[in-house]
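Visitor: Below is a structure I'd like to ask you about.
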Amino acid sequence: MCGIVGYIGSKKVYPILIKGLKRLEYRGYDSAGVAMISDSGDLNVYKAKGKVDNLTEYCNDKDVSGCVGIAHTRWATHGEPSARNAHPHYSSTHNLAIIHNGIIENYADIKTQLQAKGVEFKSDTDTEVLVQLMEYIMVKKNLALLEAVQVALHQVIGAYAIAIIDKRDPRQIIAARKQSPLVVGIGTDEFFLGSDASPIIDYTDKVVYLEDGNIAVIRLGEELKVISILGEEQELKVKTVDINLGQIEKGGYEHFMLKEIFEQPECLMNCMRGRINVEGNHVTLSAMIDYRQQLLGAKRIVIVACGTSWHAGLIGKQLFENLCRIPCEVEYASEFRYRNPVVTKDDVVIAISQSGETADTLAAIQLAKEQGAFIFGICNAIGSSIPRATDTGTYIHVGPEIGVASTKAFTGQVTVLSMLALCLAAERKTISEDLYGQMVKELTQIPDKMEQALKTNEQIEHLAPIFTYAKNCLYLGRGYNFPLALEGALKLKEISYIHAEGYPAAEMKHGPIALIDSEMPVFVIATRDRLYEKVISNIQEVRARGGRVTALVTEGDTQIQKFADHIITLPDTLECFQPLIASIPLQLLAYHIAVCKGKDVDRPRNLAKSVTVE
Ligand code: M6R
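Pasting the structure below:
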């Protein structure tokens, strides 16, 4: 949810922190702050409500000297977004400053105990409780910061990635993680911290992904040391990151979201590279080779995910059931983890997550693991928590997704689900060799067809202003296109703040039809497939009530234009891959409508890219 940056070395810390915060702003942006130990030894904390630019403006006339510091961009959980609640938080003596991503669940109890001992609090946050507790322990038990951190972390329940500095010891940063991501970058005589590697990659490609329950002791002039909360030294697993700067910059597009929509053909080629052979007639996933028995032994597949990833899961369900004849259930991870679901060792649980950090999905994995299921992850962020928590999996390899609204990750997830279903179907012999070959071939054609679909951009840009007046919109689809209707509606509401619902087209007459009038735009995915004629009837039902229909149709379609106000024409493909093509105009529609309404497309209000709290 929140973004964490840190630096210690010989460079000026302030520009490094600010640049890092800008990279991490996608994680939260209701306030931001920095804490730096100045050249004269003061611990300066500066904070501002809103985006990082507000912080830099605030810092214009401040002392930003120093070579050690921590910084934070916030997505509020405890306490309203304000400078007072922004991180870093000082301890009472102003000797310590802390930043935190996560939630301390028992903060209220600890706060009451500390208040009873005379500690005064300046904010409403759970984070300030942590730093006050650490300072209290240091003083009361006469401990060094590291030991006080260990004792304090024993007392807290919840999730955290934290970094703390002490003005009396400017050569050290202490950092720790539990259920929230934290990466330490190792340079030459300098160290970096980040919630992910993006604030680090300008300076070094050597990183350590901290494991749950570990503390990093970062001391200038010494090797990085990682210990457990109990103080046991941990093996240092240094990895090389492989992200280039171009991947996380806008590359000439006005917004990351537009760039990411347009990148999709290339992303899907990367996703399929090395998995589909050059002849384009065979697909292999390494997980399928290494864990063949476990995957083929699945009596049932359970997909757990949230948001857009859950929508991809709904498409996966149809693929697994239609192609592999394996029963499949798709669960909201947040519901699954708190039900008492029946999970057995014959189940394969597929966890889908772009960020690989979604707290509910991680908890669902844990629960399924405890009950003996085999866990397969479909993630984008390399080295994130979910791939590390699963038995095996497949990365979607679409590159960093910065726009909060997920676009290329969705099509990457559907592509991996398609490849996995094809592998399983071939092994289980539930589809003919001919059909298998035809489907693999068609999958390799999708990037080209997406290029064609992207040509609708100009048409959609012209259409968009018509819809800015709308208060509500309806998205309809059937079969494989029903999850896409849900996804189209989610995209619109996330970034334009127009209320939108996705519905199975035939279900509309069981309720939502009451809402239809000339003020209600209805977007129908009406591509040519088994249910085409039925969808036409659904369109007529809308028209008969004065509804205004925009239909996504397959090239060569001559029927639907008679009933629709607007048609958007897409290249033909197999029914199961249609969502890959039809997602493009839906993403573009949401994007252009939001731009017309003057909304902050990449960083919509109240949202965060990585939802690391439940
Ligand atoms: O990182 P994840 O895929 O686990 O995230 C799940 C959802 O939070 C995410 O898909 C969210 O719905 C997006 N903002 C949708 O655009």
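Every position in the sequence shown, counted from 1, becomes a number in this note's numbering once 557 is added.
No residue lacks a Cβ here, since even glycine has one placed at the ideal position from N, Cα and C.
Cα separation between Gly950 and Asp759?
Guide: Counting from 1 along the sequence shown, the entry for residue 950 is found at position 393. Counting from 1 along the sequence shown, the entry for residue 759 is found at position 202. Cα to Cα, the separation comes out at about 29 Å.
Visitor: For Ser975, report the span of its alpha helix (DSSP H) as first-last.
Guide: Counted from its first residue, the sequence shown places residue 975 at position 418. Element bounds for Ser975: Lys965 to Arg985.
Visitor: Roughly how many angstroms separate the alpha carbons of Ser891 and Ala966, rounded to a whole number?
Guide: Looking up residue 891 in the sequence shown gives position 334. Looking up residue 966 in the sequence shown gives position 409. Taking the CA atoms as reference points, Ser891 sits about 20 Å from Ala966.
Visitor: Would Phe813 and Ile959 qualify as a contact pair, given that the criterion is a beta-carbon distance under 9 Å?
Guide: Translated into positions along the sequence shown, residue 813 becomes position 256. Translated into positions along the sequence shown, residue 959 becomes position 402. Contact: yes.
Visitor: For the pair the region 1009-1016 and the region 865-880, tell me if three or more CB-CB distances fall below 8 Å.
Guide: no
Visitor: For Ala855, which option in Glu878, Val708, Val706 and Gln1002 has the closest C-alpha, if you only look at C-alpha atoms?
Guide: For the purposes of this step, residue 855 is taken as the residue at position 298 of the sequence shown. Ranking the options by Cα distance to Ala855, first place goes to Glu878.
Visitor: I believe Val765 touches Leu781 by the beta-carbon criterion, under 8 Å. Please report the beta-carbon distance rounded to the nearest angstrom.
Guide: Sequence index remark: in the sequence shown, residue 765 carries index 208 (1-based). Sequence index remark: in the sequence shown, residue 781 carries index 224 (1-based). Yes, Val765 and Leu781 are in contact; Cβ-Cβ is about 7 Å, under 8 Å.
Visitor: Measuring from the CB of Cys824, is there a heavy atom of the ligand M6R at a distance below 8 Å?
Guide: On the sequence shown, residue 824 is found 267 positions in, with the first residue counted as 1. No.
Visitor: To the nearest whole angstrom, what separates the beta carbons of Phe1080 and Tyr1037, a pair I think is in contact under 8 Å?
Guide: If you number the sequence shown from 1, residue 1080 lands on position 523. If you number the sequence shown from 1, residue 1037 lands on position 480. Not a contact, Cβ separation roughly 16 Å.
Visitor: Which residue or residues does DSSP assign as beta-bridge partners of Cys936?
Guide: Taking the sequence shown and counting its residues from 1, the one referred to as residue 936 is at position 379. Answer is Ser910 and Tyr952, bridged to Cys936.
Visitor: Output yes or no for whether 9 Å exceeds the beta carbon distance between His644 and Val562.
Guide: On the sequence shown, position 87 is the one that residue 644 refers to. On the sequence shown, position 5 is the one that residue 562 refers to. Against a cut-off of 9 Å, the Cβ pair of Val562 and His644 comes out as no contact.
Visitor: Any heavy atom of the ligand M6R closer than 8 Å to the Cβ of Ile909?
Guide: The sequence position of residue 909 within the sequence shown is 352, counting from 1. Yes.
Visitor: Buried or exposed, going by whether 16 or more other CB atoms sit within 10 Å of the CB of Gln689?
Guide: As a first step, residue 689 must be located in the sequence shown, where it is residue number 132. It is buried - the Cβ of Gln689 has at least 16 other Cβ atoms within 10 Å.
Visitor: Contact defined as beta carbons within less than 8 Å: I believe Asp723 pairs with Leu702. What is the distance between those atoms, to the nearest angstrom?
Guide: Locating residue 723 in the sequence shown gives position 166, counting from the first residue. Locating residue 702 in the sequence shown gives position 145, counting from the first residue. Indeed, because the Cβ distance is near 5 Å, the residues count as touching under 8 Å.
Visitor: Count Cβ pairs between the region 777-794 and the region 1136-1144 that sit closer than 8 Å; are there 3 or more?
Guide: Taking a cut-off of 8 Å for Cβ pairs, the region 777-794 and the region 1136-1144 do not touch, as fewer than three such pairs fall below it.
Visitor: Going by Cα to Cα distance, which pick from Leu1109, Gln1118 and Gln928 is closest to Leu1127?
Guide: Numbered from 1 along the sequence shown, position 570 holds the residue referred to as residue 1127. Comparing Cα-Cα distances from Leu1127 to each of Leu1109, Gln1118 and Gln928, the minimum goes to Leu1109.
Visitor: Applying the 10 Å Cβ sphere with the 16-neighbour rule, what's the burial state of Glu1044?
Guide: Walking along the sequence shown from the start, residue 1044 turns up at place 487. Its Cβ being crowded by 16 or more others within 10 Å, Glu1044 is buried.
Visitor: Which partner residues of Cys885 appear in the DSSP bridge assignment?
Guide: Position 328 of the sequence shown, counted from the first residue, corresponds to residue 885. According to DSSP, Cys885 bridges with Ile858.
Visitor: Kindly list the residues whose CB is nearer than 7 Å to the CB of Ala705, restricted to its own chain and excluding five residues on each side of it in sequence; keep chain order.
Guide: Taking the sequence shown and counting its residues from 1, one reaches residue 705 at position 148. Cβ within range, chain order: Met691, Ile694 and Met695.
Visitor: Flag this pair as yes or no: are the beta carbons of Leu919 and Val900 separated by less than 9 Å?
Guide: Residue 919 sits at position 362 when you count from the first residue of the sequence shown. Residue 900 sits at position 343 when you count from the first residue of the sequence shown. Going by C-beta atoms, Leu919 is not nearer than 9 Å to Val900.
Visitor: Quick check: does the Cβ of Glu878 come within less than 8 Å of any heavy atom belonging to the ligand M6R?
Guide: Numbered from its first residue, the sequence shown carries residue 878 at position 321. Because no heavy atom of the ligand M6R lies under 8 Å away, the Cβ of Glu878 does not count as near it: no.
Visitor: Who are the Cβ neighbours of Val774 in its own chain at under 7 Å, not counting the five residues just before and after it?
Guide: As a first step, residue 774 is located in the sequence shown; it is residue number 217 there, counting from the start. Hits under 7 Å: Leu703, Ile731, Lys782 and Ile784.
Visitor: What's the gap between the Cα of Ala1063 and the Cα of Gln1097?
Guide: Residue 1063 sits at position 506 when you count from the first residue of the sequence shown. Residue 1097 sits at position 540 when you count from the first residue of the sequence shown. Between Ala1063 and Gln1097, the C-alpha separation is close to 12 Å.
Visitor: May I ask you to check if the CB of Ser891 is nearer than 8 Å to at least one heavy atom of the ligand M6R?
Guide: For the purposes of this step, residue 891 is taken as residue 334 along the sequence shown, with counting starting at 1. The answer is no for Ser891.
Visitor: Note down the Cα distance separating Ser648 from Ala754, rounded to an integer number of angstroms.
Guide: Taking the sequence shown and counting its residues from 1, the one referred to as residue 648 is at position 91. Taking the sequence shown and counting its residues from 1, the one referred to as residue 754 is at position 197. Linking Ser648 to Ala754 through their CA atoms gives a straight-line distance of about 28 Å.
Visitor: At 3 residues or longer, what runs of the beta strand (DSSP E) sit wholly inside the region 563-624?
Guide: Within the region 563-624, the beta strand (DSSP E) runs of at least 3 residues that lie entirely inside it are, in chain order, 588-594 and 600-606.
Visitor: Find out if the Cβ-Cβ distance for the pair Ala720, Leu739 is shorter than 9 Å.
Guide: Along the sequence shown, one-based indexing puts residue 720 at 163. Along the sequence shown, one-based indexing puts residue 739 at 182. Against a cut-off of 9 Å, the Cβ pair of Leu739 and Ala720 comes out as a contact.
Visitor: For Ala535, tell me which candidate among His646, Glu817 and Thr947 has the shortest Cα-Cα distance.
Guide: Because residue 535 is not part of the residues shown, which for the chain are 558 to 1171, the question remains open.
Visitor: Could you check the C-alpha separation between Tyr564 and Lys1006 for me, to the nearest Å?
Guide: Numbered from its first residue, the sequence shown carries residue 564 at position 7. Numbered from its first residue, the sequence shown carries residue 1006 at position 449. Distance between the alpha carbons of Tyr564 and Lys1006: 45 Å.
Visitor: Looking at the ligand M6R, does it come within less than 8 Å of Glu1051, judged from the CB to the closest heavy atom?
Guide: Here the question's residue 1051 lines up with position 494 in the sequence shown. Checking every heavy atom of the ligand M6R against the Cβ of Glu1051, one is found closer than 8 Å.
Visitor: At 3 residues or longer, what runs of the beta strand (DSSP E) sit wholly inside the region 802-864?
Guide: 857-862
Visitor: Assuming Ile1052 contacts Val1158 (C-beta within less than 8 Å), just tell me the rounded distance between them.
Guide: Along the sequence shown, one-based indexing puts residue 1052 at 495. Along the sequence shown, one-based indexing puts residue 1158 at 601. The Cβ separation is near 5 Å, so the contact holds.
Visitor: Glu662 and Gly585 look like a contact to me (Cβ under 8 Å); what is the Cβ gap, rounded to whole Å?
Guide: Position 105 of the sequence shown, counted from the start, is the residue given in the question as residue 662. Position 28 of the sequence shown, counted from the start, is the residue given in the question as residue 585. Between Gly585 and Glu662 the Cβ distance is about 19 Å, and since that is not below 8 Å, they are no contact.
Visitor: How should Gly1155 be labelled, buried or exposed, when 16 other C-beta atoms within 10 angstroms of its C-beta is the threshold for buried?
Guide: Against the sequence shown, residue 1155 aligns to sequence position 598. Gly1155 comes out exposed.
Visitor: Could you check how far apart the C-beta atoms of Arg1035 and Pro1069 are, in whole angstroms? I think they sit under 8 Å.
Guide: Working through the sequence shown from its first residue, we reach residue 1035 at position 478. Working through the sequence shown from its first residue, we reach residue 1069 at position 512. Actually they do not touch by this definition, with Cβ atoms about 14 Å apart.
Visitor: Between Leu1143 and Lys1048, how many whole angstroms is the CB-CB distance? I'm expecting something under 8 Å.
Guide: To locate residue 1143, count along the sequence shown from 1; it is residue 586. To locate residue 1048, count along the sequence shown from 1; it is residue 491. That pair is a contact at about 6 Å.
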